[in-house]
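Participant: I'd like to ask some things about the structure below.
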Amino acid sequence: GQQLNQSPQSMFIQEGEDVSMNCTSSSIFNTWLWYKQDPGEGPVLLIALYKAGELTSNGRLTAQFGITRKDSFLNISASIPSDVGIYFCAGTGSNSKLTFGKGITLSVRP
Amino acid sequence: DTAVSQTPKYLVTQMGNDKSIKCEQNLGHDTMYWYKQDSKKFLKIMFSYNNKELIINETVPNRFSPKSPDKAHLNLHINSLELGDSAVYFCASSQTRYEQYFGPGTRLTVT
Chain V
7 GQQLNQSPQS MFIQEGEDVS MNCTSSSIFN TWLWYKQDPG EGPVLLIALY KAGELTSNGR
67 LTAQFGITRK DSFLNISASI PSDVGIYFCA GTGSNSKLTF GKGITLSVRP
Chain L
981 DTAVSQTPKY LVTQMGNDKS IKCEQNLGHD TMYWYKQDSK KFLKIMFSYN NKELIINETV
1041 PNRFSPKSPD KAHLNLHINS LELGDSAVYF CASSQTRYEQ YFGPGTRLTV T
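For the protein sequence lines, the chains are V and L, in the order given.
Going by this note's numbering, the first sequence opens with residue 7, and the numbers climb by one from there.
Going by this note's numbering, the second sequence opens with residue 981, and the numbers climb by one from there.
So this is what it looks like as structure tokens:
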């Protein structure tokens, strides 16, 4: 089946630093989405990407749809404490179902 | 003006019981979903309904039965609860297949 790979499982950064997260797949995906989940809450959609090569920003967040359609990355610039949470990539491939990666837990040290 | 709401937020029950979780969305979306998030935070789709019709039914025990009385509501009924059913259950909705909006989750604990 279609799988999305996110690693590492956890990342620890200092407040003010930039961080980049990658999401890869062995098969082609047609849509990439990035979600953030705060503790005790549901995932919240951050950015949606629909076209290979597309680069989209949302405040301090920037995400790109890889040109091979097998990867996407999310950058967070100038991190702040409220950036803490789990970041999931998600995508739709040939079966049109939304598949989620296992998530990366981000910790931000003040 | 909550977009996707679920009740209850927490549900603690004993093995063998039957329970329901309710979901409502006020976004006017046509499609609603149920996801299960396990202790390792992995999100797995269970069901999807489009305009009250079941369109996705993943490999879920038939003790789980979704019901959609109208396109704004999708409830999940679980019979004969087992310890392994303990998880957080999320409802979501979307207008397209891609941009899904999630509810706050229901943490189910089976003892």
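Think of the CB as a built atom: it goes at the ideal place given N, C-alpha and C, for glycine as much as any other residue.
Fair warning: this is a prediction, and the values are worked out from it, not measured in the lab.
1. In chain L, which residues lie less than 9 Å from residue 1/V when you measure between Cβ atoms?
2. Residues in the segment 1002 to 1032 of chain L with C-beta within 9 Å of chain V's C-beta atoms, listed in sequence order?
3. Against chain L, does residue 35/V count as a neighbour if the rule is that its beta carbon must be under 8 Å from one of theirs?
4. By Cβ distance, which residues of its chain are closer than 7 Å to residue 71/V, with the 5 residues on each side in sequence left out?
5. Alpha carbon to alpha carbon, how far is residue 96/V from residue 105/V? Give it in angstroms, no decimals.
6. Chain V partners of residue 1070/L, CB-CB under 7 Å?
7. Give the range of the beta strand (DSSP E) segment to which residue 1045/L is assigned.
8. State the DSSP-derived secondary structure class of residue 1056/L, mapped to helix, strand or coil.
9. DSSP on residue 991/L, reduced to helix/strand/coil?
10. Does DSSP put residue 77/V in a helix, in a strand, or in coil?
11. Have a look at the DSSP bridge pairing and note the partners of residue 66/V.
12. Check each candidate in 98/V, 114/V, 115/V and 91/V and name the one with the smallest Cα separation from residue 1021/L.
13. Tell me where the beta strand (DSSP E) around residue 111/V begins and ends.
14. What are the residues that DSSP puts in a beta bridge with residue 1089/L?
Facilitator: On the basis of the coordinates in this document:
1. Here chain V covers residues 7 to 116 and nothing more, so residue 1/V does not appear.
2. Residues of the segment 1002 to 1032 of chain L that bring their beta carbon within less than 9 Å of a beta carbon in chain V comprise 1013, 1015, 1017, 1020, 1021, 1022, 1023, 1024, 1025 and 1028, in sequence order.
3. Looking up residue 35/V in the first sequence gives position 29. Chain L has no Cβ within less than 8 Å of the Cβ of residue 35/V.
4. Position 65 of the first sequence holds residue 71/V. Answer for residue 71/V: 38, 55, 57, 58, 59, 60 and 78, listed in chain order.
5. Reading the first sequence from its first residue, position 99 is the one you call residue 105/V. Reading the first sequence from its first residue, position 90 is the one you call residue 96/V. When only Cα atoms are considered, residue 105/V and residue 96/V end up about 5 Å apart.
6. If you number the second sequence from 1, residue 1070/L lands on position 90. Within chain V, 48 have C-beta atoms less than 7 Å from the C-beta of residue 1070/L, given in sequence order.
7. As a first step, residue 1045/L must be located in the second sequence, where it is residue number 65. Counting along the chain, the unbroken beta strand (DSSP E) around residue 1045/L starts and ends at 1044 to 1050.
8. Here the question's residue 1056/L lines up with position 76 in the second sequence. Residue 1056/L falls in the strand class under three-state DSSP.
9. The count along the second sequence starts at 1 and reaches residue 991/L at position 11. Residue 991/L: strand per DSSP, three-state reduction.
10. By 1-based counting over the first sequence, the position of residue 77/V is 71. Reduced to three states, the DSSP call for residue 77/V is strand.
11. By one-based count along the first sequence, residue 66/V stands at place 60. Paired residue(s): none; residue 66/V is not in a bridge.
12. Working through the second sequence from its first residue, we reach residue 1021/L at position 41. Ranked by Cα distance from residue 1021/L, the first of 98/V, 114/V, 115/V and 91/V is 91/V.
13. Your numbering for residue 111/V matches position 105 in the first sequence. That run of the beta strand (DSSP E) goes 110 to 115.
14. For the purposes of this step, residue 1089/L is taken as residue 109 along the second sequence, with counting starting at 1. Answer is 992/L, bridged to residue 1089/L.
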